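Peer 1: Numbering (full-length UniProt numbering), first residue to last: 1 to 233.
Below you can see the structure in the form of structure tokens.
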């Protein structure tokens with residue numbers, strides 16, 4: 001099978017996860033963003049024949065990515081450019097195509113702390129059967145992963161609000177499996193509570209063990225099933 005190249009875009013830490021600002025202070029939010037990235041990358045790298053490139057302009061994000069085995073591409077898109085997310089992903093996809101023309105390409109969100117390696121592998125198998133597959137997020141509107149297994153071509157990138165429908169309209173096949181960890185991108189306190197109930201990776205668990213937030217009581221009952229609070233892939 002061809003290699004799978006995963007592209008993970010991450011914005012500057014100071015801009016990330018603003019919807020958690022009323023429950024986590026800036027330092028805690030930044031630590032959480034880095035931890036979720038590390039757990040996401042670790043899960044993806046646990047699948048065979050996978051490499052990961054994190055696309056970012058943030059030096060701390062880059063350092064965290066390198067620490068967990070990913071490559072780093074400095075974000076080539078200037079601040080203020082229109083559609084910076086899809087533009088950055090497209091630039092990264094073109095670069096990957098130049099280096100490995102036959103590789104499978106995956107655009108993956110960076111905030112999937114409950115992602116399991118086997119979920120990623122199942123989504124990839126769907127893309128290998130269908131050409132291009134989309135993982136619709138837990139809100140049924142966004143996209144957590146776009147997997148493109150058509151050699152020599154670029155994925156139909158259309159991330160942003162309502163992206164799932166656009167990706168499906170562009171020909172991506174919706175992954176039918178439940179895959180709760182792959183569908184759960186964390187943007188809100190409720191998302192974070194849901195991720196804890198599923199079980200988060202070791203980096204995210206370590207950060208959350210040091211902070212308190214209002215919804216924590218919803219998660220404490222699930223602590224015993226949090227994959228020993230440190231999920232080892």
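No residue lacks a Cβ here, since even glycine has one placed at the ideal position from N, Cα and C. Quick caveat, the model's predicted, so the values are computed rather than measured.
#1: Based on Cα-Cα distance, which residue from 90, 200, 56 lies nearest to residue 112?
#2: Could you please give me the residues that DSSP links to residue 4 through a beta bridge?
#3: Please check if any C-beta of chain C sits within less than 7 Å of the C-beta of residue 21.
#4: Tell me the rounded alpha-carbon separation between residue 146 and residue 152.
#5: For residue 188, which three-state DSSP category applies?
#6: For residue 117, which of 204, 166, 43 has the nearest alpha-carbon?
#7: Is residue 56 helix, strand or coil when you go by DSSP?
#8: Rounded to whole angstroms, what's the CA-CA distance from residue 110 to residue 179? Just pull it up for me.
#9: Using only the alpha-carbon positions, how far apart do residue 98 and residue 138 sit?
#10: For residue 136, does the three-state DSSP call read helix, strand or coil?
#11: Three or more C-beta pairs closer than 8 Å, one from the region 54-68 and one from the region 1-16: is that the case here?
#12: Just tell me which of 7, 186, 62, 24 has its CA closest to the CA of residue 50.
#13: Please state if the CB of residue 136 and the CB of residue 174 are separated by a distance shorter than 7 Å.
#14: Exposed or buried, which one is residue 181 when buried takes at least 16 other CB atoms within 10 Å?
#15: On a Cα-Cα basis, can you pick out the residue from 203, 140, 89, 155 that is closest to residue 176?
#16: Check for me: the alpha helix (DSSP H) holding residue 41 runs from which residue to which?
#17: Are residue 75 and residue 88 touching if we call contact CB-CB under 7 Å?
#18: Rounded to a whole number of angstroms, what is the C-alpha to C-alpha distance between residue 115 and residue 148?
#19: Measure the CB-CB distance between residue 105 and residue 159 and report whether it falls below 7 Å.
#20: CB-CB under 7 Å to residue 120, same chain, minus the five flanking residues each way: which ones, in chain order?
#21: For a quick check, are the C-beta atoms of residue 164 and residue 143 less than 7 Å apart?
Peer 2: With the structure as the only source:
#1: Looking up residue 112 in the chain shown gives position 112. Residue 112 has its Cα closest to that of 200, out of 90, 200, 56.
#2: Here residue 4 refers to the residue found at position 4 when the chain shown is read from its first residue. Note: residue 4 sits in a beta bridge opposite 50, 104.
#3: Included in the structure is just one protein chain, with no chain C present.
#4: The count along the chain shown starts at 1 and reaches residue 146 at position 146. The count along the chain shown starts at 1 and reaches residue 152 at position 152. Taking the straight line joining both Cα atoms gives about 16 Å.
#5: If you number the chain shown from 1, residue 188 lands on position 188. Coil at residue 188, not helix or strand.
#6: Here residue 117 refers to the residue found at position 117 when the chain shown is read from its first residue. The residue with the shortest Cα to Cα distance from residue 117 is 43.
#7: Along the chain shown, read from residue 1 onward, the residue named residue 56 stands at position 56. Correct three-state label for residue 56: strand.
#8: Position 110 of the chain shown holds residue 110. Position 179 of the chain shown holds residue 179. Their backbone Cα atoms lie some 16 Å apart in a straight line.
#9: What you label residue 98 is simply residue 98 of the chain shown in a count that begins at 1. What you label residue 138 is simply residue 138 of the chain shown in a count that begins at 1. Straight-line Cα distance between these residues: approximately 34 Å.
#10: Your numbering for residue 136 matches position 136 in the chain shown. Note: residue 136 maps to strand in three-state DSSP.
#11: yes
#12: Taking the chain shown and counting its residues from 1, one reaches residue 50 at position 50. The shortest Cα separation from residue 50 among 7, 186, 62, 24 belongs to 7.
#13: Translated into the one-based positions of the chain shown, residue 174 becomes position 174. Translated into the one-based positions of the chain shown, residue 136 becomes position 136. Result yes, Cβ atoms of residue 174 and residue 136 sit closer than 7 Å.
#14: One-based indexing of the chain shown puts residue 181 at position 181. It is buried - the Cβ of residue 181 has at least 16 other Cβ atoms within 10 Å.
#15: By 1-based counting over the chain shown, the position of residue 176 is 176. Of the listed residues, the one whose Cα sits closest to residue 176 is 140.
#16: Within the chain shown, residue 41 is the residue found at index 41, counting from 1. Counting along the chain, the alpha helix (DSSP H) containing residue 41 begins and ends at 26-45.
#17: Numbered from 1 along the chain shown, position 75 holds the residue referred to as residue 75. Numbered from 1 along the chain shown, position 88 holds the residue referred to as residue 88. Their beta carbons are under 7 Å apart, which means residue 75 touches residue 88 by this criterion.
#18: Reading the chain shown from its first residue, position 115 is the one you call residue 115. Reading the chain shown from its first residue, position 148 is the one you call residue 148. CA-to-CA, the gap between residue 115 and residue 148 works out to about 19 Å.
#19: Residue mapping note: residue 105 aligns to position 105 of the chain shown, counting from 1. Residue mapping note: residue 159 aligns to position 159 of the chain shown, counting from 1. It is not a contact, given that the beta carbons lie outside the stated cut-off.
#20: On the chain shown, residue 120 is found 120 positions in, with the first residue counted as 1. These residues qualify, in order along the chain: 43, 44, 47, 182.
#21: Here the question's residue 164 lines up with position 164 in the chain shown. Here the question's residue 143 lines up with position 143 in the chain shown. Against a cut-off of 7 Å, the Cβ pair of residue 143 and residue 164 comes out as a contact.
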